[in-house]
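Participant: Starting off with a structure, shown below.
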Amino acid sequence: MTTSIGIDVGSGCIKTVLFKTDGDNYEWVARRNDKIRQRDPKELARRAYDEVLEEAGLKESDVQYTATTGDGENIEFSTGHFYSMTTHARGAIYLNPESRSVLDMGALNGRAVKMDEHGKVLTYRMTSQCASGSGQFLENISRYLGIAQNEIGELSKQADNPEDVSSICAVLAETDVINMVSRGISAPNILRGIHDSMAGRLVKLLRVIKANEGVTFLSGGLALDEGLMDSINASMVKMKIPTKAVNHPDSPYAGAIGAAIWGAYRYEKLAEQGSLAIAS
Amino acid sequence: MKCYIGIDLGSTTTKAVVMDEKGEVLGRGITNSRSNYDTASRVAKLEAFISTRLTLFHRQLEGLAGLEGEKIDRLLFNLERHFRLELFLEQLEDLHQTCAENAGDLRYPGQKEKICGVLDVAFARLADKLQGLFGPGVVRKSDFFRDLAGSEYMNIAEETAKEMGMNFDTLINIYDKSIIEVENRPPNADMEGKFLRALTKVLEEETDLSVDPADVMEAIKKVLDLDLEETFVVGTGYGRVRLPFPKEHIRSEILCHGLGAHLMYPKTRTVLDIGGQDTKGIQIDDKGIVVNFQMNDRCAAGCGRYLGYIADEMNLGLHELGPMAMQATKTVRINSTCTVFAGAELRDRLSLGEKREDIMAGLHRAIILRAMSIISRSGGIDDEFTFTGGVAKNEAAVKQLRELVQENYGDVQINIDPDSIYTGALGGAEFARRAVEEA
Amino acid sequence: MNTATKPEAIKDASMLKQKEMIAGNYDALTGAPETGKKIVSTFVPGNLNELISSFGLLNNLPEINAINNGMRKQSGGMIMDAERGGHSEDVCTYVKADIGMMSKGNIAPNGKVMPNPDLLLLSYTGCFTFMKWFELLRKEYNCDTVMLQVPYTGDGVITDNMRDFVVKQLKEEVIPALEKTSGVKFDIDRLRENMARSAKAEDDLVWVLESAKNVRSPIDAYFGGVYYIGPIFTAFRGTQDAIEYYQLLRGEIEQRLKDGLGPITPEGDMGEEKYRLVVEGPPNWTSFREFWKMFYDEGAVVVASTYTKVGGVYDEGFRHDPTNPLESLADYCLGCYTNRNMPSRVDLIEKYMNEYQADGLLINSIKSCNSFSAGQLMMMNEIEKRTGKPGAFVETDLVDPRYFSAANVKNRLESYFQMVDQKRRSSRKTA
Amino acid sequence: MSTAEIIARCEELYEDTTFAASRAWKEAAPGRKVVGFMPVYIPEEIIHAAGMLPLGILGGGDGLEVIHGDAFYQSYICRIPRSTIELGLTGRLDFVDGMLFPSICDVIRNLSGMWKLMKPNVYAKYFDVPQNYRDDIGGEYYQREMQELRHDMEKLSGNKITDEALSNSIAIYNQHRQLVRDVYAMRSDEPWKVPSSEVYLLMRAGQVLPVEEHIVMLTDYMAAAQEEDRPIRDNCRIITCGAFCEQPPLNLIKSIEMAGCYVVDDDYMLVNRWLMEEVPTEGDPIKNLADAFLHHSADSSAKYCDTQEKVGQYLLDSVRKNKAEGVIFAAPSFCDPALLERPLLAAKMSENDVPHISFKYAENSGQMQPIREQAGTFADSLKLWS
Ligand SMILES: Nc1ncnc2c1ncn2[C@@H]1O[C@H](COP(=O)(O)OP(=O)(O)O)[C@@H](O)[C@H]1O
Ligand SMILES: Nc1ncnc2c1ncn2[C@@H]1O[C@H](COP(=O)(O)OP(=O)(O)O)[C@@H](O)[C@H]1O
Ligand code: SF4
Ligand code: SF4
Ligand code: SF4
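Protein chains in written order, with my numbering: chain A, 1 to 280; chain B, 1001 to 1439; chain C, 2001 to 2431; chain D, 3001 to 3386.
Dropping the structure here:
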């Protein structure tokens, strides 16, 4: 049995999970999700690491592999690093075995990954440098509208006449939105408009990677936004993408889970080859 | 009396200037722009009228024997302080009430009472704490209610929530919602009463005035009785198309900035304005007439809003960014000025071990570099050069600008007026005045 | 060079004629499978219509299809289709609209299926993008292809080497390919006849464009101009129809001049002529009307434009010359506006500014088109320096609706007009 | 000399936006002249034979503050012309006596005219190349264009360019090209010994140094690299493609390697590798150069592919030859030639089961995190599953 920890250092939150792996059986033992809020990610990661150990009642030496993902490349106490699309793909399979593609909506970049049933990445695509339609933007707007994050989805679903948010630039779009408020457009219609425009960009990524099997798993924090999920599904129908987007209450943990699982896998493989030294 | 008013409805702030028929500026007012443009211009105008009254008080008091310059200034300073405090507390109370109402929202079933309890404690602490902001000699972080109340609310709410076992995010959400409602409520009009009450307080405090308080009271009352007529209003700025004005009352912000800069510094030939989401380079002639201009294109990289994102990321006030950057010992090179990625860039650099101050200096330089391109596009810099807009308030930006101007254009007279944020509104007011007086 | 939407309100005889011609051409193209006619796909600048039609071949121009789709607000979806297919957001939207149109089943504006071309003829003039576009089309259609490389006149002159090179390619590459596709032997006399007809129509076109030199111009040489150049730039050069169209048009403009009328707009005759502008750069097609309205509402008339020269700069004297057909075709290709170097473009605009008594230069900078846009800001500086007249700069795109921000463009235009106005008033005051 | 010393020298040359080395060459003897050229290819031999220094100009990189250059370009145009204009306007290129703008795309093409407007007293020429590969058509045209260039270079330098001198220059460049090929081959064979960032810096140095000096440098480097022991890493083998004009920042090249990829071929400075076979030194040198161009030159998006089958074949051959496991398409933002061609190349790779990914950059990109993430995921997937 292998004990591994996955740490996903995001731009907004750090997700940490502890897994026990025995062959094809995975036991999810402990978890943490900490908002970074201007704190030092490295310290926070260490704290989370200690806390999941405590929760699992384990010592540091009980852990065989600590894998980072996301922005965690230079976390010193990790055994290895996997890049986030690798981990999200695996995490998605764990949370929903039907998944054959992942849409990860981070605070700044969106990513689409296509994989096989074992979580092997086949192709992927990321949004480019220009941050239009990012999660950050949605966060800013919702603050502007005085709406809580967990409220966005619900409101967006009430839209009856979504407003077109056309601006390419996120900043100019912000003013677009302000203009909408001043024109008396309702919050649901604005939010839905933003969701639609974000979905458009994200689904385009799916189209590029030719997602056409199984279901499309939504990972990351924004996956819990039901309004966005609706927009994505609508957009997928419009763009003739044959899969359906689904989320999972543990969607935010997908990256961390993937890291833990790959970590265990790598550990076993290295142990087989007898080259454990490389792992640390 | 006749008043000419220019209103500059910017993407971040709304400014108003009141001018008399001779072209003298009587008052200036500013507020943050908000979704309700009407309210924004109303508030800015109201602020400008408050400032106008203060100017007029000054003029009136000058006539009183025994009150010389310094004493008048002190008296008026304290008058304004008391006046603002009352205004502020009134709004704070409004905010409290609104929060309490919003606590009844469906999303917090059965929690209203508990939330209200927490709110009561938090607001009491807030009022207590914030009163201090209006103490004599205190420098406030911002001029806007939103910022003043907001930043302190975060701290107090977090601590109160913890103590009283309340979810912090709930308090934030209620606040976010309420502040918008409060902001969009037209302010209470009883300015006169507030001034008089404030005056009474000042007169109680100031015992060495060597002038009869009754005379002061009378002088102030006289000004308050004066009817300030809105003779002609000109609107400009990003939001001008949404202003409730007919077309002849609207001028492009380029023209207004050109003229405004000319009025402040008649020898100006080049104007740089960095606002919230646009950067303009304007060339004007000896009469303040625009001969050429350039603006940033469809990408809002490197505009004032960029600093806003940075400030949010660091949880600082806009006022604090410049001073922090001034502490830098070197300038980190920053290339992407995409506003949205500003935060990411900052984190990236921090994780590489760069110092905050140095990164900040780099960010400021990046903004000014972009502005320099826009100026270059509009035809370069001619003597004299005037820097206007909100970013001109930022000392670090100014420092970078001075360096780059020197490097690229040699010795040029650089003008920066403390009131430069009002340049557009000033130009607008002058257009308003000319429309009537020179028609 | 529009072909689809017309100003609806008033229809002059020339407009009806053009409409008929275009409809006829699309019917011929979509009817090709029945009539057995063969289709050549080629690009607008430097197109060899006289040569193509001398073989009895039909001419299909992908840019024109993109424009049509732009004006009918179809292009947005097509571009997105192409982007989803792996094309970058950064590249020319004509290409993407074209690729997107194929993926939508290649429906021509008349609602019928556009048959695949029998030959791709790349007349590669004035733009590198054409080359890649062509390679993309070749992959798609998998038909015969032939390329005509037209060297760029980097030093502002057409050298003998350039002309010889083009002529040689015509003789040894293009003509054999056309012969093969059509099964018709090259007949130089038919080509000569076509070219003679071209020259005739070109005379009248030039007269029409130059009528804008009148103060109180009877035409708008940009928004109106794109309609006027349609036949000359596209499948009609060298036809009797084109000659007739330009005769009709010329008659109508002569009449407008006599009547002291200004340009015609979608909302009727234009009011007072307040500003005379020269415009550089292609128009935006997706919001063409809206864009135009921003001008005529303010009393701005475009008196000369460079876009109306992409398919040939005729006002400097060039005419298709039947006596030297191949050399003349070469000169035509080499002389198109975007094949001219920057200094020559600046000289041309300067000349327009002076000869047409313009108040200023407006540059509509097109995101898609590096051929036009790279360097326009320097052009503007140069023109301002040389003429002392102010320039303005707006940014839009050809057929990508995402890049037309009406508020932004309007803001700039308004500021610009107010500035010209203010400047004029103050100089009047001092005068 | 150790590789570290050689690379330190290269780095210094790379970071110097004032071209001190080339200036020094010019000042070392009276009457020397320098001719600048932009990507992607120019027959340097003609400049060399006139006794002048060909200077490759590849933009300003991420170290140059671009102010005036930005003033001349809209945001949707790539970076290299702006930084080049900046170099021109800030006097950094004042020592350059002539500028050549090869036929690569509309942006560089128009830049040639802008240069004429900006510097009316400096020789500036747009140098066209044939896209028709028949000897009697494109070949003849190209020979005449080269003769014209030869004539211009004679005038500019004041030196006659004899056939003999030209053949001699061809011989020197043949030697240089062979060395460049050797360095690339060495990296392909033992990538851990020859990191991509070093190869890159080495080739960049060749853009500003006289060819004779660079020949020595390449020879020294290979000898030194052979000697040094560097650890082998568990990296995959990839080819980067699309960066033939505007150059990626050095950090990007490093990031790709750091994320777990050995680069076994690239198209960064094609001018060094454009002519793929030895150019004969007997007979008419101009004709020899033309033949080499028409029949034995590298492929790039700036070139027309005359048949459908050939599209992407060059890249595929390189994949095979270098045993690459995948291709990273890295192109500058807004680069029409690279971005328009990419779907064609990508399709070819897919048809042949070569994994590939793509992203964009700018010469001054600061954020490497998304790059690392994409390259890293690519490396993960090649490593974990192949
Ligand atoms: N219930 C929710 N509904 C909507 N959005 C949410 C929810 N929970 C979290 N989010 C969003 O997800 C973000 C965090 O997502 P995450 O994938 O962890 O981002 P990152 O990895 O970039 O830090 C938060 O900033 C927030 O915007
Ligand atoms: N006190 C201040 N200190 C530093 N920067 C400021 C200050 N006030 C405003 N700014 C900057 O100015 C910008 C707003 O400028 P402003 O000219 O008001 O813009 P607009 O006219 O678009 O509303 C803000 O985004 C901010 O960056
Ligand atoms: S357009 Fe907006 S989001 Fe995009 S780079 Fe510019 S500022 Fe950033
Ligand atoms: S880049 Fe310009 S000239 Fe070239 S195809 Fe596109 S629009 Fe036409
Ligand atoms: S980077 Fe691409 S578009 Fe830019 S100049 Fe080079 S080849 Fe042309």
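Built from N, CA and C at the ideal position, the CB exists for glycine as well.
Which chain D residues sit within Cβ distance under 7 angstroms of B:E1345?
Facilitator: G3366, Q3367
Participant: Would you check if there are 3 or more beta carbon pairs closer than 8 angstroms linking the stretch 1384-1398 of chain B to the stretch 1266-1277 of chain B?
Facilitator: With the rule of 3 Cβ pairs closer than 8 angstroms, the stretch 1384-1398 of chain B counts as touching the stretch 1266-1277 of chain B.
Participant: Starting from D:G3036, find everything on chain A with Cβ-Cβ shorter than 9 angstroms and list it in chain order.
Facilitator: Within chain A, no residue comes near D:G3036; the closest Cβ sits about 30 angstroms away, beyond 9 angstroms.
Participant: Short check: CB of C:T2030 to CB of C:V2113, under 8 angstroms?
Facilitator: yes
Participant: Check distances from the C-beta atoms of the stretch 3231-3253 of chain D to those of chain C and list, in chain order, the residues that come in under 9 angstroms.
Facilitator: none
Participant: Would you mind reading off the limits of the alpha helix (DSSP H) that contains C:L2015?
Facilitator: Checking the sequence shown, residue 2015 of chain C turns out to be Met, not Leu. Run containing C:M2015: 2013-2030, per the alpha helix (DSSP H) assignment.
Participant: Taking CB distances under 8 angstroms as the criterion, tell me whether B:L1255 reaches chain C.
Facilitator: yes
Participant: What I want to know is whether the C-beta of B:Y1238 ends up closer than 7 angstroms to one or more non-hydrogen atoms of ligand 2.
Facilitator: Correct: B:Y1238 has its Cβ closer than 7 angstroms to ligand 2.
Participant: When DSSP labels each residue in this structure, what does A:V29 get in the three-state scheme?
Facilitator: strand
Participant: Between which two residues does the alpha helix (DSSP H) harbouring D:A3338 extend?
Facilitator: Per DSSP, the unbroken alpha helix (DSSP H) holding D:A3338 starts and ends at 3336-3351.
Participant: Residues of the stretch 7-30 of chain A in Cβ contact with chain B at a cutoff of 8 angstroms, in chain order, please.
Facilitator: S11
Participant: Considering Cα atoms alone, identify which of A:M85, A:I190, A:L222 is closest to A:Q158.
Facilitator: A:I190
Participant: In three-state terms, what does DSSP make of B:C1003?
Facilitator: strand
Participant: Looking at B:I1179: is its Cβ nearer than 8 angstroms to the Cβ of B:R1146?
Facilitator: yes
Participant: Measure the C-alpha to C-alpha separation of C:M2071 and C:P2283 and round it to an integer number of angstroms.
Facilitator: Annotation: C:M2071 to C:P2283 spans about 11 angstroms, alpha carbon to alpha carbon.
Participant: Go through its chain and collect everything with a Cβ distance to D:D3163's Cβ below 6 angstroms, but skip five positions before and after it.
Facilitator: Taken in chain order, the residues that qualify are P3285.
Participant: If you measure from the beta carbon of D:I3077 to each beta carbon in chain C, is any gap under 8 angstroms?
Facilitator: yes
Participant: Kindly list, in the order they appear in chain C, the residues whose Cβ is closer than 7 angstroms to that of A:V208.
Facilitator: R2084, G2086
Participant: Assuming C:I2067 and C:W2285 form a contact by the criterion Cβ under 8 angstroms, report the distance between their Cβ atoms to the nearest whole angstrom.
Facilitator: 5 angstroms
Participant: Using a Cβ-Cβ cutoff of less than 6 angstroms, which residues in the same chain neighbour C:P2390 once the five nearest sequence positions on both sides are dropped?
Facilitator: G2360
Participant: Rounded to whole angstroms, what's the CA-CA distance from C:F2128 to C:D2144? Just pull it up for me.
Facilitator: Roughly 21 angstroms separates the two Cα atoms.
Participant: Indicate whether the contact test is met: 3 or more Cβ pairs, each with one atom in the stretch 1361-1368 of chain B and one in the stretch 1320-1331 of chain B, closer than 8 angstroms.
Facilitator: Result yes; three or more Cβ-Cβ pairs closer than 8 angstroms.
Participant: Is A:M239 close to chain C, meaning its C-beta is less than 8 angstroms from at least one C-beta of that chain?
Facilitator: yes
Participant: So B:D1094 contacts chain A; which residues on that side make the cut at Cβ distance below 7 angstroms?
Facilitator: Residues of chain A passing the Cβ test: none, with the nearest at roughly 15 angstroms.
Participant: I need the boundaries of the beta strand (DSSP E) containing D:C3261, first residue and last residue.
Facilitator: 3261-3265
Participant: Determine the burial state of B:F1385: buried for a count of at least 16 other Cβ atoms within 10 Å of its Cβ, exposed for fewer.
Facilitator: buried
Participant: Would you mind stating whether C:T2153 and C:N2370 have Cβ atoms separated by less than 8 angstroms?
Facilitator: When the beta-carbon positions are compared, C:T2153 and C:N2370 stay at least 8 angstroms from each other.
Participant: Return the chain-ordered ranges of every alpha helix (DSSP H) run that is complete within the stretch 1229-1313 of chain B and spans a minimum of 4 residues.
Facilitator: 1253-1264
Participant: C:N2354: buried (16+ other C-beta within 10 angstroms of its C-beta) or exposed?
Facilitator: Result: exposed.
Participant: From what residue to what residue does the beta strand (DSSP E) around A:F19 run?
Facilitator: First-last of the beta strand (DSSP E) with A:F19: 13-22.
Participant: Can you find a heavy atom of ligand 4 that lies under 7 angstroms from the Cβ of C:S2053?
Facilitator: no
Participant: Using a Cβ-Cβ cut-off of 8 angstroms, state whether C:E2280 counts as contacting chain D.
Facilitator: no
Participant: Hey, out of D:S3333, D:N3364, D:S3075, whose CA is closest to C:K2367's CA?
Facilitator: The shortest Cα separation from C:K2367 among D:S3333, D:N3364, D:S3075 belongs to D:S3075.
Participant: Select from A:R100, A:R266, A:M105 the residue whose C-alpha is nearest the C-alpha of A:V284.
Facilitator: Lying before the first or after the last residue shown, residue 284 of chain A is absent from chain A, which here runs from 1 to 280.
Participant: Tell me, to the nearest whole angstrom, how far the beta carbon of C:T2338 is from that of C:F2372; I am working on the premise that it is less than 8 angstroms.
Facilitator: Indeed they touch by this definition, with Cβ atoms about 6 angstroms apart.
Participant: Terminal residues of the continuous alpha helix (DSSP H) containing D:A3224?
Facilitator: Counted as a single uninterrupted DSSP element, the alpha helix (DSSP H) harbouring D:A3224 occupies residues 3211-3227.
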